[in-house]
Amino acid sequence: MKENKKWYAIDNDTIIKDLQSNAEKGLTDNIIQKNHEKFGENRLPQKKKERALIRFFKHFNDILIYILFIAAIISAMLGHYVDTIVIAVVAFTNAAIGFFQENKAEKALEDIKNLLSLKATVMRNGQRTDIDASQLTIGDLVLLNPGDKVPADLRLISTSNLKIEESLLTGESVPSEKGAQTLDGDTMLGDRSNMAFSSTTVSAGTGKGIVVEIGADTEIGKINEMISEMDPVTTPLLRQTAKFGKTISIVIVGIAVLIYVFGYFFRDYGATELLMSVIGLAVAAIPEGLPAILSIILAIGVQNMAKRKAIIRTLPSVETLGSVSVICSDKTGTLTKNEMTVQNVVTRDNIFNVSGTGYAPEGKITYKGEDVDFENQRVLTKLIDCFYYCNDASLGLDENDRWIVKGDPTEGALITLYDKANLNELNITRVSTIPFDSEYKYMAILADTGEKKIVFIKGAPDRLLDMASQERSEKGVQDFDRKYWEDKIVKLAKTGQRLIGAAYKIVDSNTTKISHEDIQNDIIFLGLAGIIDPPREEAIEAVRICSEAGIRVKMITGDHADTAKAIGKEMGIGDGQKALQGRDLEAMDDEQLAAAAQEYDIFARTSPEHKLRLVTALQSNGFICAMTGDGVNDAPALKRADVGIAMGIKGTEVTKDSSEMVLADDNFSTIAAAVEEGRRVYDNLKKTILFILPTNGAESFLIIASILFGTMMPLTPVQILWVNMVTSVTVSLALAFENIEPDAMKRPPRSSKVPLLSGYFIWRILFVSVLIGGGTLWMNLNLIENGVSEIIVKTVTMQTIVIAQLFHLFNSRSISKFAINKDFFSNKAVFVVSALLIVLQLAITYIPFMNDVFGTYPLEAHYWIYPIVLGVVVFFVVELEKAIMNRLGLAKL
Numbered sequence: 003m004k005e006n007k008k009w010y011a012i013d014n015d016t017i018i019k020d021l022q023s024n025a026e027k028g029l030t031d032n033i034i035q036k037n038h039e040k041f042g043e044n045r046l047p048q049k050k051k052e053r054a055l056i057r058f059f060k061h062f063n064d065i066l067i068y069i070l071f072i073a074a075i076i077s078a079m080l081g082h083y084v085d086t087i088v089i090a091v092v093a094f095t096n097a098a099i100g101f102f103q104e105n106k107a108e109k110a111l112e113d114i115k116n117l118l119s120l121k122a123t124v125m126r127n128g129q130r131t132d133i134d135a136s137q138l139t140i141g142d143l144v145l146l147n148p149g150d151k152v153p154a155d156l157r158l159i160s161t162s163n164l165k166i167e168e169s170l171l172t173g174e175s176v177p178s179e180k181g182a183q184t185l186d187g188d189t190m191l192g193d194r195s196n197m198a199f200s201s202t203t204v205s206a207g208t209g210k211g212i213v214v215e216i217g218a219d220t221e222i223g224k225i226n227e228m229i230s231e232m233d234p235v236t237t238p239l240l241r242q243t244a245k246f247g248k249t250i251s252i253v254i255v256g257i258a259v260l261i262y263v264f265g266y267f268f269r270d271y272g273a274t275e276l277l278m279s280v281i282g283l284a285v286a287a288i289p290e291g292l293p294a295i296l297s298i299i300l301a302i303g304v305q306n307m308a309k310r311k312a313i314i315r316t317l318p319s320v321e322t323l324g325s326v327s328v329i330c331s332d333k334t335g336t337l338t339k340n341e342m343t344v345q346n347v348v349t350r351d352n353i354f355n356v357s358g359t360g361y362a363p364e365g366k367i368t369y370k371g372e373d374v375d376f377e378n379q380r381v382l383t384k385l386i387d388c389f390y391y392c393n394d395a396s397l398g399l400d401e402n403d404r405w406i407v408k409g410d411p412t413e414g415a416l417i418t419l420y421d422k423a424n425l426n427e428l429n430i431t432r433v434s435t436i437p438f439d440s441e442y443k444y445m446a447i448l449a450d451t452g453e454k455k456i457v458f459i460k461g462a463p464d465r466l467l468d469m470a471s472q473e474r475s476e477k478g479v480q481d482f483d484r485k486y487w488e489d490k491i492v493k494l495a496k497t498g499q500r501l502i503g504a505a506y507k508i509v510d511s512n513t514t515k516i517s518h519e520d521i522q523n524d525i526i527f528l529g530l531a532g533i534i535d536p537p538r539e540e541a542i543e544a545v546r547i548c549s550e551a552g553i554r555v556k557m558i559t560g561d562h563a564d565t566a567k568a569i570g571k572e573m574g575i576g577d578g579q580k581a582l583q584g585r586d587l588e589a590m591d592d593e594q595l596a597a598a599a600q601e602y603d604i605f606a607r608t609s610p611e612h613k614l615r616l617v618t619a620l621q622s623n624g625f626i627c628a629m630t631g632d633g634v635n636d637a638p639a640l641k642r643a644d645v646g647i648a649m650g651i652k653g654t655e656v657t658k659d660s661s662e663m664v665l666a667d668d669n670f671s672t673i674a675a676a677v678e679e680g681r682r683v684y685d686n687l688k689k690t691i692l693f694i695l696p697t698n699g700a701e702s703f704l705i706i707a708s709i710l711f712g713t714m715m716p717l718t719p720v721q722i723l724w725v726n727m728v729t730s731v732t733v734s735l736a737l738a739f740e741n742i743e744p745d746a747m748k749r750p751p752r753s754s755k756v757p758l759l760s761g762y763f764i765w766r767i768l769f770v771s772v773l774i775g776g777g778t779l780w781m782n783l784n785l786i787e788n789g790v791s792e793i794i795v796k797t798v799t800m801q802t803i804v805i806a807q808l809f810h811l812f813n814s815r816s817i818s819k820f821a822i823n824k825d826f827f828s829n830k831a832v833f834v835v836s837a838l839l840i841v842l843q844l845a846i847t848y849i850p851f852m853n854d855v856f857g858t859y860p861l862e863a864h865y866w867i868y869p870i871v872l873g874v875v876v877f878f879v880v881e882l883e884k885a886i887m888n889r890l891g892l893a894k895l
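For what it's worth, my numbering labels the leading residue of the sequence shown as 3, then goes sequentially.
Structure follows, in structure tokens:
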């Protein structure tokens, strides 16, 4: 992708000359042909897709799976086909779970291509014609009309009341007013009023523009390339489990080799028997059920989050939310309602407050806390009337009974103001209209009241101040005090309000039409309305909760700095004074930006590249970063973030497909709820690991001890797989439903460098492994000494490990609290899976075909005493250990 010129800073005549175009006739055929050969078609580059089969087999790329396959192959070579089949089924099941839950982010690129315009209206050879947008080339003269989707990046050369909706690129909630004047070279993307960008939509007016960028070189093309070239970010959980897998694999292989050598040279085992024992050791030590149970626990977290309006698209993101340390949020529509609202009304005498938010006509106009008496506020009444009648918007209810505006959002806010005032509607007729024009920055209507004719004027305050010679107060019409109004404008602007002024002029009763010349002077100024996009009240509370949980919230918006600072301060983000703008970020290198990203909380007038750099800078500081957004401009940053969060209602499909989470209600408070759920999921994952790994440890201990002592192998590989899978896929599943820990949202976010297993966890796993394994070995040797048959001993051994783990499940429900407490019955799933486990263990013991497959034997009743007694012992010993460790302050998640 070539470096784009600053077309907005070059005058029209130079551009037309350099591109060999014509401001009236457009390109000629020979130039069109040359440009097509030089620049190609107006298309975005296609990315080669990876076949589904290849993506599936990539899920076998795990060192633990490799060890399982080696074990399966050796088992097959030795004729143990049942073992081979069971091992293979486990491996394929884990791969299938991963394949169906993987992120299909490449769909985002397809959605970007679907944004592009299909047709374009151009002037070529002096003739107006419609062509496929893909056939546009540099220098083409494009005509824009309301409703058109801009087909390429254009440098505007003429406009008439042109407004373009650019929120997908800039995040601005209000359509941008366009003109043709040349701009400064450091003008930011959101302020380039002489440019029309590909995929944006013309909301009003008309214009002509010269094509200056096509395909990959357009602003939308640059976003497309940023997404396609970006490497996926690995979540903390995946990084931790990958490291854990490598470590445990090295340990397993090392121990297996040592034990085989010891058994071969120092014990009287046959080579085949010893090899199967070592395979059993490898299978015992590998927590092959762990990936499946992790996926299931994360999937349950997904369902819980969906109930809280957070739709998770990738499973690992559930856990990642729990470790988020910074949330970068867009302002418009996420922290705010994206509904323009009049907050203050200013007359020459007073400043009035307006309650209520959004377009719903619910609220009051007050002065010093008291309802306004409009009978005694004639100037206020006339000001509100002016805003209402000099207006082309309308309000109504949508299919969900929500108030929406048809037309300009600012005009919609002024209609809501009129409805809140509940004034008596005047009997006036609109005779003539001067529509809003970006050159004049006002709208005016000629109104016939039956008694006289009045021109109502509404527009930019600075423009109306230039035209005013008088002002209206409760005392009557008086000389215009410009200094007073300029002070009020500065004061309100600092609060983040967008200001609009109103004025009027009485004209001759014979007037039937008005023009700009009729109102350029001698108008009577009425006052101002201060309009904001108000913060969501629930979002303010969510920011507070995040702060309490040690999560920093940063606002990254395309809006103006003053507006962003004011809204941020109201929400508890930043101090209302400090903010960086896009031009500040461009002047920084990566090191400076990393420092600024940590220091500042408000970033305004940002472009897609700025958002992406900010997320990257925060990640370089060690933050786990979540990023929210709704426009295409947010997509690269969302994909780069550890958790990309898209808006479900107002977000584009591109944004949703670049994200890991979609907010069904577009509400920031839902993020706080999702973080809480993420922390609960992670805590329960840790509890699950604490429960599962002692099973592997106990089995490994048994096999190693048996080889060292030269005794009978306690379990076969297929029995070991049964124990591993039945404890992980049934019993451990109950821990996914444990309630959130009381201090979960009071703890700071955990560091991404924290290992999956802390020192205390390693101790607990080893302690319980030796406790269960040692107890089972003692029982095993005791049964053998009493002449019990091998098949019964192995059956009792298998039951003992499983039942001991069942008792250990209740230990694992809390890391430090005593297992039997007031919340003992809060998780019904624990009792359901316990009953299921008992049924499965009875089935493998007493159903004949399962006896044949797994090598078990129907036990007599007295043999069940061994597993039950050991289970009770394990439960109370572990509870004693928890109490001691908790007193020492070591029993922590």
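Where is the CB? At the ideal position from N, CA and C, for every residue including glycine.
1) Assuming R546 is part of the alpha helix (DSSP H), what are its boundary residues?
2) Assign Y271 to buried or exposed, taking buried as 16 or more other Cβ atoms, counted over all protein chains shown, within 10 Å of its Cβ.
3) On the DSSP bridge assignment, give the partners of Y506 in chain order.
4) List the residues that DSSP assigns as beta-bridge partners of Q472.
5) If we ignore side chains and look at the alpha-carbon of each, how far apart do T451 and E427 end up?
6) Expressed to the nearest angstrom, what Euclidean distance is found between the alpha-carbon atoms of S471 and V479?
7) Taking DSSP as the reference, what is the three-state secondary structure of R554?
8) Assuming the contact rule is C-beta atoms closer than 8 angstroms, D155 and E221 should be a hit. Round their C-beta distance to whole Å, please.
9) Would you kindly check if the distance between the Cβ of Y10 and the Cβ of R157 is under 9 angstroms?
10) Report yes if the C-beta distance between K366 and D373 is below 9 angstroms; otherwise report no.
11) So A568 and T497 are supposed to be a Cβ contact under 8 angstroms. How far apart are they, rounded?
12) Are the region 449-465 and the region 321-328 in contact at 8 angstroms, needing three or more beta carbon pairs?
13) So what's C627 in DSSP terms, helix, strand or just coil?
14) If you reduce the DSSP assignment to three classes, tell me which class N163 lands in.
15) When we look at the beta-carbon of V545 and count the other beta-carbons within 10 Å, is it buried (16 or more) or exposed?
16) Would you call the CB atoms of K796 and Q721 closer than 9 angstroms?
17) Counting only beta-carbon separations shorter than 9 angstroms, does G761 have a partner in chain B?
18) Run through the DSSP bridge pairs and tell me what Y444 is partnered with.
19) Quick check: the region 734-743 against the region 841-857, are at least 3 beta-carbon pairs closer than 8 angstroms?
20) Give every residue of the same chain whose Cβ lies closer than 8 angstroms to the Cβ of S753, excluding the five residues on either side of it in the sequence, and list them in chain order.
21) Just the Cα atoms here: how many angstroms apart are V213 and L587?
22) Report the partner residues of W405 according to the DSSP bridge assignment.
23) With a Cβ-Cβ cutoff of 9 angstroms, do I805 and A700 count as a contact?
24) Give me the Cβ distance between V798 and Y868, rounded to the nearest whole Å; I'm assuming they're in contact under 8 angstroms.
25) Taking all protein chains shown into account, decide if V780 is buried (16 or more other Cβ within 10 angstroms of its Cβ) or exposed.
26) Ends of the alpha helix (DSSP H) at T208?
27) Could you compute how far the alpha carbon of A589 sits from the alpha carbon of A598?
28) With DSSP collapsed to three states, give me the class of E883.
29) Using the beta-carbon count (16 or more within 10 Å), is A674 buried or exposed?
30) Just to confirm the assignment, what range does the beta strand (DSSP E) spanning A596 have?
31) Taking three-plus beta-carbon pairs below 8 angstroms as touching, is the region 426-444 in contact with the region 172-188?
32) Could you give the distance in angstroms between the alpha-carbon of N512 and the alpha-carbon of L425?
33) Is Q345 buried or exposed, if buried means 16 or more other CB atoms sit within 10 Å of its CB?
34) Cα separation between G141 and K19?
35) Take E488 as the anchor and find which of V835, N788, D468, Y361 has the nearest alpha-carbon.
36) For the pair the region 531-544 and the region 566-585, tell me if three or more CB-CB distances fall below 8 angstroms.
On the basis of the data shown:
1) 539-550
2) buried
3) F458, I526
4) D481, I526
5) 11 angstroms
6) 10 angstroms
7) strand
8) 6 angstroms
9) yes
10) yes
11) 5 angstroms
12) no
13) strand
14) strand
15) buried
16) yes
17) As a matter of chain content, chain B is missing from the structure shown, which is built from one protein chain.
18) D439, G461
19) no
20) G624
21) 29 angstroms
22) L399
23) no
24) 6 angstroms
25) Per the sequence shown, residue 780 should be read as Trp rather than Val. Exposed is the call here.
26) Taken as a continuous stretch (DSSP letters only), T208 belongs to no alpha helix (DSSP H), being part of the beta strand (DSSP E) at 203-215.
27) 12 angstroms
28) helix
29) buried
30) A596 -> not in any beta strand (DSSP E); alpha helix (DSSP H) instead, spanning 592-601.
31) yes
32) 28 angstroms
33) buried
34) 10 angstroms
35) D468
36) yes
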